[in-house]
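Chemist:
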Amino acid sequence: MEVQEYLKKAAQTVDAALDSLIPKQSTKPASIHKAMRYSLFAGGKRLRPALALAAAEACGGTFEAALHAACAVECIHTYSLIHDDLPCMDDDDLRRGRPTCHIVFGEGLAVLAGDSLLTLAFEILAQAQPTSRYGIADFVRELSVASGSRWLIAGQVLDLESEGKPVSKSALKFIHQAKTAALLTCALRLGAMSANVTPSKLKALTDFGHALGLAFQVIDDILDVTQSTEKLGKTAGKDAKAFKATYPALFGLKKSRALAAELTKEALSALKPLGNKAVMIRRIAESMLVREY
Ligand code: GRG
Numbered sequence: 489m490e491v492q493e494y495l496k497k498a499a500q501t502v503d504a505a506l507d508s509l510i511p512k513q514s515t516k517p518a519s520i521h522k523a524m525r526y527s528l529f530a531g532g533k534r535l536r537p538a539l540a541l542a543a544a545e546a547c548g549g550t551f552e553a554a555l556h557a558a559c560a561v562e563c564i565h566t567y568s569l570i571h572d573d574l575p576c577m578d579d580d581d582l583r584r585g586r587p588t589c590h591i592v593f594g595e596g597l598a599v600l601a602g603d604s605l606l607t608l609a610f611e612i613l614a615q616a617q618p619t620s621r622y623g624i625a626d627f628v629r630e631l632s633v634a635s636g637s638r639w640l641i642a643g644q645v646l647d648l649e650s651e652g653k654p655v656s657k658s659a660l661k662f663i664h665q666a667k668t669a670a671l672l673t674c675a676l677r678l679g680a681m682s683a684n685v686t687p688s689k690l691k692a693l694t695d696f697g698h699a700l701g702l703a704f705q706v707i708d709d710i711l712d713v714t715q716s717t718e719k720l721g722k723t724a725g726k727d728a729k730a731f732k733a734t735y736p737a738l739f740g741l742k743k744s745r746a747l748a749a750e751l752t753k754e755a756l757s758a759l760k761p762l763g764n765k766a767v768m769i770r771r772i773a774e775s776m777l778v779r780e781y
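What follows is the structure, encoded as structure tokens:
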């Protein structure tokens, strides 16, 4: 199967599952459920859930068994985008090609929609099927750690605190690992755990996720400089305006592109222990290197 076809199938599967797992728009109070659904179904790439499903298949599992984990990660990701766009954070009015949640629903409801998606993620994950190696507590711990104050939120804190200040190469690497690579790696690990993955294969996928997540954020930094707002579906050129610590700002575009390619190569090489079964994860990683939005 072509990678684009696979990503489409994964996104359709996840969208259908999310639709059944998220309270209906008519559930009281309708305003909060409308706001949650507005951001969740705004046309994101669904990359993290696709990686969870592909990791499950690469470890001999199924889409079905990995679906709760995939949906939970997408809920966390969407909450982080809603909060990231708030006036007190990055203050953005466009996301996924639409006005941001707080522009449409107001700041209070946007904060609460983010909070609700964060909470709902764990309700959804609690419905996953345990395996002989991994219990529900292992799944929950995995997602809590990746999305908590040592990783996802740490990345956001350091990102905010470093605005307009000189940032070292190692500090920038940590910000990117924390705010982007940790959740992406978590998606892969949860997908693999739903397939009862062996510890050695889980380690291989973790190494893959760390390198791929970093490459993904380097490319995100590059696209912010090189693409239009229309193409990205979010405001282009914001990083430079906010004097953000980014790879192009620190190393220039040419070096940043070379680094993204090098990190993707490193990621692919980490996948060796998974053999031919990892073909789709490999293709997804390659397609991410050449993505345009
Ligand atoms: C707790 C108040 C509070 C805020 C938390 C944790 C956080 C806010 C924000 C996370 C930081 C963040 C937004 C990182 C960027 C990661 C990234 C590259 C996002 C874009 O991912 P894509 O391109 O987006 O996969 P789509 O829209 O396609 O899903």
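In this text, residue positions in the sequence shown follow this note's numbering: the first is 489, and each later residue adds one. In this text, a Cβ means the ideal position worked out from N, Cα and C, and glycines have one as well. Model, not experiment: these values are computed from the prediction.
Nearer than 7 Å: is that true of the beta carbon of L569 relative to any heavy atom of the ligand GRG?
Modeler: Start at 1 with the first residue of the sequence shown, and residue 569 comes out as number 81. For the ligand GRG, at least one heavy atom lies less than 7 Å from the Cβ of L569.
Chemist: Would you kindly check if the distance between the Cβ of L613 and the Cβ of L631 is under 8 Å?
Modeler: Residue mapping note: residue 631 aligns to position 143 of the sequence shown, counting from 1. Residue mapping note: residue 613 aligns to position 125 of the sequence shown, counting from 1. Cβ distance < 8 Å, so L631 and L613 count as in contact.
Chemist: For F696, count neighbouring C-beta atoms within 10 Å of its own C-beta (all shown protein chains included) and say buried if the count is 16 or more, exposed if not.
Modeler: Against the sequence shown, residue 696 aligns to sequence position 208. Under this definition F696 is a buried residue.
Chemist: Kindly indicate which residue of A616, H571, R770 and C563 has the alpha-carbon position closest to the one of S757.
Modeler: For the purposes of this step, residue 757 is taken as residue 269 along the sequence shown, with counting starting at 1. The shortest C-alpha separation from S757 is found at R770.
Chemist: In angstroms with no decimal places, state the Cα-to-Cα distance between M577 and A609.
Modeler: Position 89 of the sequence shown holds residue 577. Position 121 of the sequence shown holds residue 609. If you take the alpha carbons of M577 and A609, they lie about 22 Å apart.
Chemist: Quick one: what's got a C-beta closer than 7 Å to A540's C-beta in the same chain, skipping five residues either side?
Modeler: For this step, residue 540 is matched to residue 52 along the sequence shown. Hits under 7 Å: A554, A557, A558, V561, A675, L676, L678 and G679.
Chemist: Is there at least one non-hydrogen atom of the ligand GRG closer than 7 Å to the beta-carbon of R525?
Modeler: The sequence position of residue 525 within the sequence shown is 37, counting from 1. No, the Cβ of R525 stays beyond 7 Å of every heavy atom of the ligand GRG.
Chemist: Among H698, K722 and H590, whose alpha-carbon lies nearest the alpha-carbon of L672?
Modeler: Along the sequence shown, read from residue 1 onward, the residue named residue 672 stands at position 184. If we check each option's Cα against that of L672, H698 comes out closest.
Chemist: Can we count H478 as close to the ligand GRG, meaning its CB is less than 7 Å from some heavy atom?
Modeler: Since the first and last residues shown for the chain are 489 and 781, residue 478 lies out of range.
Chemist: What residue range does the alpha helix (DSSP H) around E545 cover?
Modeler: Here residue 545 corresponds to residue number 57 of the sequence shown, with the count starting at 1. Residues L535 to A546.
Chemist: Count the CB pairs spanning the region 499-508 and the region 526-534 that are closer than 8 Å, and state whether there are at least three.
Modeler: Yes, they touch.
Chemist: Assuming contact is defined by CB atoms lying nearer than 8 Å, are H781 and L700 in contact in what I supplied?
Modeler: Here residue 781 is taken as the residue at index 293 of the sequence shown, counted from 1. Here residue 700 is taken as the residue at index 212 of the sequence shown, counted from 1. Looking at the sequence shown, residue 781 is not His but Tyr. Going by C-beta atoms, Y781 is not nearer than 8 Å to L700.
Chemist: Would you tell me roughly how many angstroms separate the C-alpha atoms of I707 and A546, rounded to the nearest one?
Modeler: For the purposes of this step, residue 707 is taken as the residue at position 219 of the sequence shown. For the purposes of this step, residue 546 is taken as the residue at position 58 of the sequence shown. Answer to the nearest angstrom: the Cα atoms are 25 Å apart.
Chemist: Exposed or buried, T515, counting other C-beta atoms within 10 Å across all chains shown (16 or more means buried)?
Modeler: By one-based count along the sequence shown, residue 515 stands at place 27. By the 10 Å Cβ count, T515 comes out exposed.
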